[in-house]
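Residue numbers (my numbering), protein chains in the order written: chain B, 10 to 383; chain W, 10 to 383. Report on one structure; see the data block that follows.
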């Protein structure tokens with residue numbers, strides 16, 4: 010079916026930028042952390058090419074910030090993630106898998122240490138504040154947990170640095186990946202980090218004031234005009250090409266952090282006190298049943314996907330593709346999904362049962378490169 | 010702005026009934042607990058009249074069930090709610106406010122005791138499994154917490170009992186409000202409760218199998234044909250008239266259970282061990298700053314609402330209306346919102362600043378009755 014209408018209500022929260030987004034106008038939204046997230050402006054491919062060649066401003070207010078603050082903030086933050094973050098100093102961030110006691114994924118946020126006794130988790134689509142709050146209360150920790158009213162604005166694309174440097178000053182050029190600096194915008198200090206949900210590079214600004222947010226949005230658009238700035242949002246084609254998995258789509262509550270391909274963010278050989286780390290160690294020793302992989306899918310442009318599509322080997326289902334799209338740049342279909350471990354080696358040829366036809370699906374490296382299989 | 014499009018993806022989960030819903034077709038969805046919830050079929054007023062006079066089948070799979078199971082299930086369930094549920098026997102349910110340690114609302118689910126060591130919370134739009142899971146782990150309780158794959162189907166409206174009795178047998182007529190019985194559908198046992206999110210009466214069937222769910226959906230539609238059954242969903246007009254508040258819209262994470270008007274579900278004088286109960290006792294002693302009320306709003310049909318509208322007394326903001334609609338039956342505008350306590354007595358006349366005009370807003374009883382103010 011085609012996209013249906015989205016009924017608007019207060020429960021599906023607006024952002025400080027919604028009134029501006031609607032002017033462009035936005036073609037479609039999704040809902041993420043009980044909040045509006047634009048999902049298309051010009052069209053999927055038009056948005057993709059624009060993101061790759063110039064610069065976009067993204068309303069990612071739905072990347073809600075869960076704050077841990079207080080004497081036990083560092084202890085709770087470390088308990089919540091299987092990555093060793095003990096050495097994170099103020100201003101440093103990183104991707105941190107959050108697991109339950111079985112090692113299964115609750116979220117895959119980026120955490121920043123904001124102060125000695127304060128951490129912000131920039132969350133994917135699940136109520137991490139409930140998890141952290143339950144733990145803090147149950148463990149009797151001296152830490153306050155809250156979802157704070159921070160509304161991130163992202164600037165992404167090859168010209169992002171030039172635009173953000175014009176707005177915040179040349180200091181932005183020195184910011185390293187997953188680091189932030191506090192910089193002034195019209196006298197208001199804002200945290201600016203080099204991060205974002207694309208592989209094109211860019212910044213996220215952690216806006217803590219709705220009115221300043223609106224003014225900043227306008228200022229970025231004005232400054233960016235000469236760089237052909239336009240509205241944008243995480244783009245299906247770009248993020249699959251880059252191998253950026255979506256929590257809730259490609260990796261879910263049912264997968265461990267290892268199955269989700271997050272092993273490089275799991276400090277299994279450290280001595281941290283983290284929920285789920287023992288389960289992950291055991292799974293590593295036992296061997297994984299499945300893991301996420303990239304697929305190069307043969308044939309012409311695939312139809313739009315909604316439910317997962319099965320992947321077969323010798324007539325038996327051995328996995329599924331959860332994200333797939335035609336890459337107009339690579340001129341083949343790029344996909345992400347889970348397969349049983351024995352089928353995960355690069356080059357393995359499997360069969361995808363797409364709604365229109367069976368297609369060859371070859372396990373390949375991500376980020377995606379290489380030639381067409383057409 | 011008019012309703013925008015909703016981009017579909019796996020993260021916004023389908024239900025066992027989605028393919029059927031789309032046939033009708035559905036006009037608009039909302040997203041609730043990361044899942045599709047239909048919000049309009051024929052049109053708001055047409056859906057309203059149909060619900061009041063005949064019977065509707067509702068896809069409310071988004072009422073996710075959070076299961077507590079194990080030796081400490083009863084202990085954790087009671088800790089999570091400020092209502093005394095110690096005497097709930099198997100088959101009994103009730104509305105239970107879930108609060109944090111400040112008495113602020115995390116959710117307002119209906120809980121059912123499913124077995125001696127098993128409870129299901131039928132949740133509003135927040136990840137209660139994260140809260141319960143964090144508490145269980147932090148407190149070291151012997152209980153397993155999970156969001157289970159139960160997909161409720163509701164049958165609501167004056168003819169609901171006749172339809173459900175034809176499908177499940179006459180035993181359904183004896184089921185009391187907020188009680189369930191396990192009844193057979195084609196040899197498959199299903200829990201059928203007298204409950205639902207309308208004031209028109211009806212049942213909810215806790216479907217634990219996707220295929221059976223589809224067959225049940227079809228059987229109810231077939232059986233209901235002679236009662237003019239049709240697809241439906243929680244209806245804005247009907248639920249405001251009935252005084253049914255929405256978590257996330259009328260009552261939120263920022264309100265205590267008392268401010269949310271849930272005092273009759275708060276066992277403040279009991280000796281239960283419940284999170285937030287002390288904070289609520291203190292607030293009761295201190296006096297509430299605000300509470301939820303109903304408003305009869307004068308003038309013609311109000312425009313569609315999205316953000317809260319301010320309510321004024323003597324030029325000062327003293328509250329806000331969060332849900333409002335024209336009642337085609339009562340022929341006045343019915344509304345729900347919060348006001349400062351001194352303005353909450355019935356009959357208090359305030360001024361609503363609607364986007365089109367200022368209007369008289371009179372505090373009135375809910376459920377709504379009475380004559381037009383036009």
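By construction, the Cβ of each residue, glycine as well, lies at the ideal position given by its N, Cα and C atoms.
For residue i, is the classification buried or exposed, using 16 other Cβ atoms within 10 angstroms of its Cβ as the cut-off for buried?
| i | result |
| --- | --- |
| residue 364 of chain B | exposed |
| residue 80 of chain W | exposed |
| residue 34 of chain B | exposed |
| residue 326 of chain B | exposed |
| residue 354 of chain W | exposed |
| residue 15 of chain B | buried |
| residue 168 of chain W | buried |
| residue 189 of chain B | buried |
| residue 99 of chain W | exposed |
| residue 24 of chain B | buried |
| residue 370 of chain W | buried |
| residue 407 of chain W | Because residue 407 of chain W is not part of the residues shown, which for chain W are 10 to 383, the question remains open. |
| residue 356 of chain B | exposed |
| residue 70 of chain W | buried |
| residue 316 of chain B | exposed |
| residue 312 of chain B | exposed |
Return the chain-ordered list of same chain residues with a C-beta closer than 8 Å to the C-beta of residue i, the five sequence neighbours on each side being excluded.
| i | result |
| --- | --- |
| residue 27 of chain W | 45, 68 |
| residue 109 of chain B | 115, 284, 285 |
| residue 221 of chain B | 194, 195, 197, 199 |
| residue 185 of chain B | 203 |
From the options, pick the residue whose C-alpha is nearest to that of residue i; which is it?
| i | options | result |
| --- | --- | --- |
| residue 351 of chain W | W:300, W:341, W:309, W:362 | W:300 |
| residue 328 of chain W | W:287, W:298, W:308 | W:298 |
| residue 240 of chain B | B:219, B:366, B:50, B:43 | B:50 |
| residue 151 of chain B | B:338, B:320, B:23, B:127 | B:127 |
| residue 362 of chain W | W:341, W:377, W:323, W:339 | W:323 |
| residue 270 of chain B | B:172, B:303, B:245, B:171 | B:303 |
| residue 176 of chain W | W:204, W:229, W:190 | W:229 |
| residue 97 of chain B | B:117, B:73, B:129, B:111 | B:129 |
| residue 330 of chain B | B:337, B:341, B:336, B:314 | B:314 |
| residue 85 of chain W | W:41, W:147, W:231 | W:147 |
| residue 232 of chain W | W:259, W:215, W:213, W:178 | W:178 |
| residue 236 of chain W | W:53, W:63, W:309 | W:63 |
| residue 238 of chain W | W:65, W:335, W:102 | W:65 |
In terms of residue numbering, what span does the alpha helix (DSSP H) encompassing residue i cover?
| i | result |
| --- | --- |
| residue 286 of chain B | 286 to 295 |
| residue 180 of chain B | Per DSSP, residue 180 of chain B belongs to no alpha helix (DSSP H) and is neither H nor E. |
| residue 330 of chain W | Unbroken run through residue 330 of chain W is the beta strand (DSSP E), 325 to 336; no alpha helix (DSSP H). |
| residue 232 of chain B | 219 to 233 |
| residue 142 of chain W | 137 to 148 |
| residue 55 of chain B | 53 to 62 |
| residue 28 of chain B | 27 to 32 |
Just to confirm my understanding: we take residue i, look at its own chain, exclude 5 residues before and 5 after, and list those with CB closer than 7 Å. What are they?
| i | result |
| --- | --- |
| residue 138 of chain B | 75, 154, 155, 156 |
| residue 224 of chain W | 195 |
| residue 264 of chain W | 113, 114 |
| residue 87 of chain W | 94, 95, 281, 282, 283 |
| residue 82 of chain W | 126, 127, 128, 152 |
| residue 266 of chain B | 91, 106, 108, 112, 114, 275, 289 |
The ligand NAP and residue i: does any heavy atom of the ligand fall closer than 8 Å to the residue's C-beta?
| i | result |
| --- | --- |
| residue 199 of chain W | Of ligands this structure carries none, so the ligand NAP is not represented either. |
Here's a check: name, in chain order, each residue in its chain whose Cβ is nearer than 6 Å to the Cβ of residue i, leaving out the five neighbours to either side.
| i | result |
| --- | --- |
| residue 375 of chain W | 252, 303 |
| residue 244 of chain B | 56, 57, 60 |
| residue 30 of chain W | 47, 68 |
| residue 274 of chain W | 92, 104, 106 |
| residue 383 of chain B | With a pLDDT of 45 at residue 383 of chain B, under the threshold of 50, the predicted position of this residue should be treated as unreliable, though the coordinate-derived value follows. Closer than 6 Å at the Cβ level, and outside the excluded window around residue 383 of chain B, lies no residue. |
| residue 173 of chain B | 164, 181, 212 |
| residue 142 of chain W | 154 |
| residue 279 of chain B | 93 |
Note down, in chain order, every chain A residue with its Cβ under 7 Å from the Cβ of residue i.
| i | result |
| --- | --- |
| residue 43 of chain B | Of the protein chains in the structure, B and W, none is chain A. |
Tell me the residue span of the beta strand (DSSP E) that contains residue i.
| i | result |
| --- | --- |
| residue 156 of chain B | 153 to 157 |
| residue 214 of chain W | 211 to 215 |
| residue 249 of chain B | Premise fails: residue 249 of chain B lies in the alpha helix (DSSP H), 245 to 250, not in any beta strand (DSSP E). |
| residue 44 of chain B | 44 to 49 |
| residue 113 of chain B | Where residue 113 of chain B is concerned, there is no enclosing beta strand (DSSP E), given that its DSSP letter is neither H nor E. |
| residue 163 of chain B | 162 to 165 |
| residue 86 of chain B | Where residue 86 of chain B is concerned, there is no enclosing beta strand (DSSP E), although the alpha helix (DSSP H) it sits in stretches over 82 to 89. |
| residue 184 of chain W | It is not in any beta strand (DSSP E) - residue 184 of chain W carries neither H nor E in the DSSP assignment. |
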